[in-house]
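If you're matching them up, the sequences are chains A and B in order.
Using full-length UniProt numbering, the first residue of the first sequence is number 1, and each one after it goes up by one.
Using full-length UniProt numbering, the first residue of the second sequence is number 1, and each one after it goes up by one.
Heads up, the thing below is written out as structure tokens.
Number of protein chains: 2
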Amino acid sequence: MSANRVSAAGKVLQVLAVFDREHPARTLSEIAQCTGLAVSTAHRVVAELAAWGALERAEDGSWHVGLRLWEVASGCPRTQILRDAALPFMQDLYEATHENIQLAVREGTELVFVERIAGHRSVELLTMVGTRFPVASTGMGRVLLAHAPREFQEEVLAAPLRAWTPYTVTDPRTLRAQLDLIRREQVFVSDRQLSESTVAVAAPVRTGRAGPVGAALGIVVAARGAERARGLREPLLRAVHGISEELGRRARTAL
Amino acid sequence: MSANRVSAAGKVLQVLAVFDREHPARTLSEIAQCTGLAVSTAHRVVAELAAWGALERAEDGSWHVGLRLWEVASGCPRTQILRDAALPFMQDLYEATHENIQLAVREGTELVFVERIAGHRSVELLTMVGTRFPVASTGMGRVLLAHAPREFQEEVLAAPLRAWTPYTVTDPRTLRAQLDLIRREQVFVSDRQLSESTVAVAAPVRTGRAGPVGAALGIVVAARGAERARGLREPLLRAVHGISEELGRRARTAL
DNA sequence: CAGGCCCTTTCCGTCAGGCGGAAAGGGTGC
DNA sequence: GCACCCTTTCCGCCTGACGGAAAGGGCCTG
Chain A
1 MSANRVSAAG KVLQVLAVFD REHPARTLSE IAQCTGLAVS TAHRVVAELA
51 AWGALERAED GSWHVGLRLW EVASGCPRTQ ILRDAALPFM QDLYEATHEN
101 IQLAVREGTE LVFVERIAGH RSVELLTMVG TRFPVASTGM GRVLLAHAPR
151 EFQEEVLAAP LRAWTPYTVT DPRTLRAQLD LIRREQVFVS DRQLSESTVA
201 VAAPVRTGRA GPVGAALGIV VAARGAERAR GLREPLLRAV HGISEELGRR
251 ARTAL
Chain B
1 MSANRVSAAG KVLQVLAVFD REHPARTLSE IAQCTGLAVS TAHRVVAELA
51 AWGALERAED GSWHVGLRLW EVASGCPRTQ ILRDAALPFM QDLYEATHEN
101 IQLAVREGTE LVFVERIAGH RSVELLTMVG TRFPVASTGM GRVLLAHAPR
151 EFQEEVLAAP LRAWTPYTVT DPRTLRAQLD LIRREQVFVS DRQLSESTVA
201 VAAPVRTGRA GPVGAALGIV VAARGAERAR GLREPLLRAV HGISEELGRR
251 ARTAL
């Protein structure tokens, strides 16, 4: 058989793509199965990746992403620069609130969480660093969507919106109104849209004082303590302004 | 010409390896140069990687690591599990001290920084998340070395030790004594070994209460405020014990 | 304890797809 | 306008990637 129209480089990427949040570890035959590669081929590719350090092997024989690949990828400028600029402000915000502080960027019609601070007293969340969500599903995503090019907004509004809770806004018209609201107000409160037990407060991070929106910062609190959200507005705004200026400063010196 | 003894998968990895902390962005010809690949080959490989999202292109035409690769690699269990277990304790420690809190693992004879908390009031450091250092050069590294298999210790002690400052211990005999000390005491104070302006306090993180040492936690303070180090002992110990137990709990439930 | 099942590893002959030299294309600075 | 450098495309040759097959090994079941 040879339903194989994938370049050698493509095979490497296929193998890497097999590892995600739900499957951090996989066996050789799983890898072969998922990629559609012959086991012998998968075996060779995996062995080469492992020799380099991109994959590592657990005692039980299963494979997982290796430290070496993590090192290379952790230099990703999109996350690295943002993270460096934002962390001190996120720390301040955490210290003031002791809630979950999250940082995310938009990638197409999805939201990718880039950094997160959580302590012992924070609410448990289902989001994790490195995971994706539809951009319309979260408060942070809607903030990014509101400041995204029109085409993206239309693309998202055109698609059916998933209801995660009874409160999730799924009517495109209502969502459109929310996006308008977000652009007027700086801060957006997202009430139990993704989970019944959480309320999020989110604001846009810019590059420089008035530059383009490149990320969103959010605080997630328990829904039962939702009245707290009001008091989070000011500290959140201070943080996003601080981060935006810091990003502007770094972008300028980089040129 | 064809001084080419590298498999197709190897070429992909060669290209990825070209990106490090000193060179987060590179042009096509740089990539070709560094890997020794023909430009046309490098071009094809880079294009394939970019199509998948492993590489992205800046406006100036240079290439850098893409968000997609970062996502996959951020699932690396070695860092992910450790990070998740340690972060809340690192937060507490940061809040109590407002100093740099660092988490690192050992990879062969080198130290890799896995996580770092730093706020506005913390000292500027030359270490970054995702960077490597010789294991003997830092306080955290020596803690990991002290708890590493004998063979590694001998390997490191046999090699010449680099002097980063006038205070750096380079005599194998003195270092050996330090390693003994580390095993007796739980906490190790590393005085201006890597930089003249910093003092580090480090302790080992275990898997479970008495499991193997898998990481090191460290606090870095300004050398001028070195007397603070004494007071950091107890909070640091509390943190490493908390993390160790949390790791033990997770490892057990994973089985 | 034998038998069967499934996953991993190795081997090897075939042939497609990767390879790189060369040349065209495009941008910039002197 | 010319020269230089970087990027992109093209194409014919040939090598090294491919996958079927079989051996090896661990584990459960009857």
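We put the CB at the ideal spot given by N, CA and C, even for glycine.
- As the crow flies, the alpha-carbon of residue 75/A is around 7 Å from that of residue 65/B.
- DSSP places residue 186/A in no beta strand (DSSP E); its state is neither H nor E.
- At a cut-off of 8 Å, the C-beta of residue 7/A has a neighbouring C-beta in chain B.
- Contact between the stretch 150-160 of chain B and the stretch 103-121 of chain A is not established, with fewer than three Cβ pairs separated by less than 8 Å.
- A Cβ-Cβ distance of about 6 Å is found for the pair residue 21/B and residue 128/B, placing them in contact under the 8 Å criterion.
- Residue 250/B and residue 222/A have their alpha carbons spaced roughly 25 Å apart.
- Among the residues facing chain B, residue 191/A is not included, as its CB has no counterpart in that chain under 8 Å away.
- As computed with DSSP, residue 193/A is found in no beta bridge at all.
- Rounded to whole angstroms, the Cβ separation of residue 226/A and residue 199/A is 5 Å, and the two are in contact under 8 Å.
- For residue 166/B, no beta strand (DSSP E) encloses it, and the DSSP letter there is neither H nor E.
- The continuous alpha helix (DSSP H) containing residue 44/B extends over residues 39-52.
- For residue 96/A, the uninterrupted alpha helix (DSSP H) segment begins and ends at 77-97.
- For residue 142/A, the enclosing alpha helix (DSSP H) begins and ends at 139-146.
- Straight-line spacing of the CA atoms in residue 116/A and residue 84/A works out to 13 Å.
- Among the residues facing chain A, residue 21/B is included, as its CB has a counterpart in that chain under 8 Å away.
- If you compare the alpha carbons of 202/B, 193/B, 67/B and 79/B with that of residue 82/A, the shortest gap goes to 67/B.
- Scanning 214/A, 204/A and 246/A for the CA closest to the CA of residue 236/A turns up 204/A.
- Three or more pairs of CB atoms, one per stretch, sit closer than 8 Å, so the stretch 6-17 of chain B contacts the stretch 32-42 of chain B.
- Residues of the stretch 65-78 of chain B with a C-beta less than 9 Å from any C-beta of chain A: 65, 66, 67, 68, 69, 70, 71, 72, 73, 74, 75, 76, 77 and 78, listed in chain order.
- Contacts between residue 214/B and chain A, judged by CB atoms closer than 7 Å, are missing: the closest CB pair is about 12 Å apart.
- Per DSSP, residue 16/B lies in no beta strand (DSSP E) segment; the continuous alpha helix (DSSP H) that holds it begins and ends at 8-17.
- Of all residues in the stretch 226-249 of chain B, none is placed with a Cβ closer than 7 Å to any Cβ belonging to chain A.
- Taking a Cβ-Cβ cut-off of 9 Å, the neighbours of residue 117/A in chain B comprise 87, 91 and 117, given in sequence order.
- Per DSSP, the unbroken alpha helix (DSSP H) holding residue 28/B starts and ends at 28-35.
- For a cut-off of 8 Å, the C-beta gap from residue 78/B to residue 105/B is around 7 Å, short enough to register as a contact.
- For residue 208/A, no Cβ of chain B is located within less than 8 Å of the residue's own Cβ.
- Secondary structure at residue 109/A: coil, using DSSP grouped into helix, strand and coil.
- Only 24 and 25 from the stretch 22-38 of chain B bring a Cβ to less than 8 Å from some Cβ of chain A.
- Chain-order list of chain A residues neighbouring residue 54/B: 13, by C-beta distance under 7 Å.
- Counting only the Cα atoms, residue 202/B lies some 10 Å from residue 232/B.
- Using a Cβ-Cβ cut-off of 8 Å, residue 48/B counts as an interface residue toward chain A, since at least one Cβ of chain A sits closer than that to its own.
- Going by DSSP, residue 221/B is part of the beta strand (DSSP E) stretching over 213-222.
- In the three-state scheme derived from DSSP, where H, G and I count as helix and E and B as strand, residue 158/B is classed as helix.
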